[in-house]
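Q: Going down the list, the sequences are from chains S and L. Going from the first sequence to the numbering used here is simple: count from 1 and add 265. Going from the second sequence to the numbering used here is simple: count from 1 and add 30. Glycine included, every Cβ here is placed at the ideal spot set by N, Cα and C.
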Amino acid sequence: MKVVNKDSTQINTEAVKGTANKKANFRVLTKEQVEVDRSKAYSYVR
Amino acid sequence: MIDTGFDSNALYSGYPYRCVAISKPADGIILKKIEYTFRTPKRCYKVIVEEYPYQVFVLKFHLCNHKGSPHKYHIQTDDQDAPRVIATCCLILLKEIKFKYKLASFGFIGANTILPAKEIKQKSLTSVQKKRLERRLETSENTRRFRIYARLSKRVFNPDDYLHIEDVLNSSYLILNRLNKEPDLVEKVAQMFEEYYLRDEPDNLPSSAKVR
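#1: Give me the Cβ distance between L/T70 and L/D108, rounded to the nearest whole Å; I'm assuming they're in contact under 8 Å.
#2: Tell me whether L/V88 is buried or exposed, calling it buried when 16 or more other Cβ atoms sit within 10 Å of its Cβ.
#3: Sort L/R181, L/K211, L/D190 by Cα distance to S/R303 and report the nearest one.
#4: Using a Cβ-Cβ cut-off of less than 8 Å, list which residues of the region 181–198 of chain L approach chain S; keep chain order.
#5: By the criterion of Cβ-Cβ separation under 9 Å, what are the contact partners of L/E224 in chain S?
#6: Could you tell me which whole alpha helix (DSSP H) segments of length 4 or greater appear in the region 165–216 of chain L?
#7: Does any C-beta atom of chain S lie closer than 8 Å to the C-beta of L/A56?
#8: Counting only C-beta atoms, is L/V112 closer than 8 Å to chain S at any point?
#9: For a quick check, are the C-beta atoms of L/F297 and L/G140 less than 8 Å apart?
#10: Out of L/L163, L/H104, L/C74, which has the shortest C-alpha to C-alpha gap to L/N142?
#11: I'd like to check one pair, L/V216 with L/V86: are the Cβ atoms closer than 8 Å?
#12: Between the region 52–71 of chain L and the region 110–127 of chain L, do at least 3 Cβ pairs fall closer than 8 Å?
#13: Ignoring anything shorter than 3 residues, give me the beta strand (DSSP E) runs that lie fully in the region 139–168 of chain L, in order along the chain.
#14: Who are the Cβ neighbours of L/Y226 in its own chain at under 7 Å, not counting the five residues just before and after it?
#15: Between the region 288–297 of chain S and the region 186–205 of chain L, can you find at least three pairs of beta-carbon atoms closer than 8 Å?
#16: Any beta carbon from chain S within less than 8 Å of L/N207's own beta carbon?
#17: CA-CA distance, L/Y84 and L/L206?
Take a look at the structure:
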C-alpha cells in the first residue's frame with residue numbers, strides 16, 4: 266500500500282508495521298542512574 | 031547544543047512562540063489542550079500540550095502543514111535546526127507548564143523516523159550511502175528522538191524532585207512529580223499512558239486513515 270502525506274511524499278509503511286497490541290514495559294530509574302546521564306548531558310544541554 | 035533558555039545564547043536558544051488556542055475536548059480523557067505555534071526561518075511548527083488526569087502533561091509538536099498526516103510525528107525535516115526547535119518546546123514546557131502547575135508531571139514518546147519511500151528505493155547508492163540509510167531506518171524501539179528527549183529530560187528535571195521512568199522498548203518516558211502524593215501514581219499514570227498512547231500508534235489507525 267502506498268501511503269502519501271499531505272506534501273505528497275510517499276511514506277514507507279514497513280517501518281510502522283507490527284506495533285499493534287503494545288504493552289508498556291516501564292522501568293523506574295534510580296537517582297544514581299539519572300545522575301550518571303545528567304552528567305553526560307551537560308556537554309550539549311544547558 | 032540544546033539551550034533550555036535560561037543561559038540565553040541566540041545561536042541555540044528557542045524561537046519566540048505564541049499561544050493560539052486553549053480547548054477542553056468534550057469527550058475522551060484529555061482535560062485541556064493548549065496549542066502554540068512558532069516559526070523557524072523555513073517552517074511553521076505547532077506545539078500541542080495536553081493535560082491528563084493527575085496533572086500529567088504531554089507535549090507534542092509537528093510541522094503546521096503536516097497536521098492532517100497520520101505520520102506527522104514521524105517525519106524528519108533535515109533542516110539541521112532540531113536543537114532550536116527542541117529548545118522552543120522545552121521553553122514552553124518549563125515556562126508555561128512547570129512553573130504554573132506545581133504538581134505537574136510529564137510524559138512523551140520518541141516517535142521513530144519514517145523515511146520517504148523514494149529515499150529508501152534509491153538504487154545507485156555507494157556503500158557509505160547505504161550504511162547511512164540503514165542507520166536512519168528505525169523501529170519503535172529506543173528511537174533517536176527518544177534518546178535525545180530522555181537525556182534532555184534528565185538534565186532539565188532534577189531526580190530529587192522528579193521520578194524518571196522509561197520504557198525503552200516503546201520509546202516512552204514518564205517524569206513524575208514527587209510532590210504529587212496521589213497513591214499509586216506510578217501505576218495509574220503508566221496504565222493511562224499504555225491505554226491512550228501506546229495503542230495510538232499509526233499502524234493502529236484504520237486503513238482508510240492511512241491513505242491520503
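A: From the atom records:
#1: At roughly 13 Å, the Cβ-Cβ gap does not stay under 8 Å, so L/T70 and L/D108 are not in contact.
#2: buried
#3: L/R181
#4: R181, L182, K184, R185, V186, P189, D190, L193, H194, I195, E196, D197, V198
#5: K287, K288, A289, F291
#6: 174–186
#7: no
#8: A quick correction: the sequence has Ala, not Val, at residue 112 of chain L. Chain S, which has no Cβ nearer than 8 Å to the Cβ of L/A112, makes this no.
#9: Nothing about residue 297 of chain L can be reported from this structure: the residues present for chain L run from 31 to 242 only.
#10: L/H104
#11: no
#12: yes
#13: none
#14: I59
#15: yes
#16: no
#17: 10 Å
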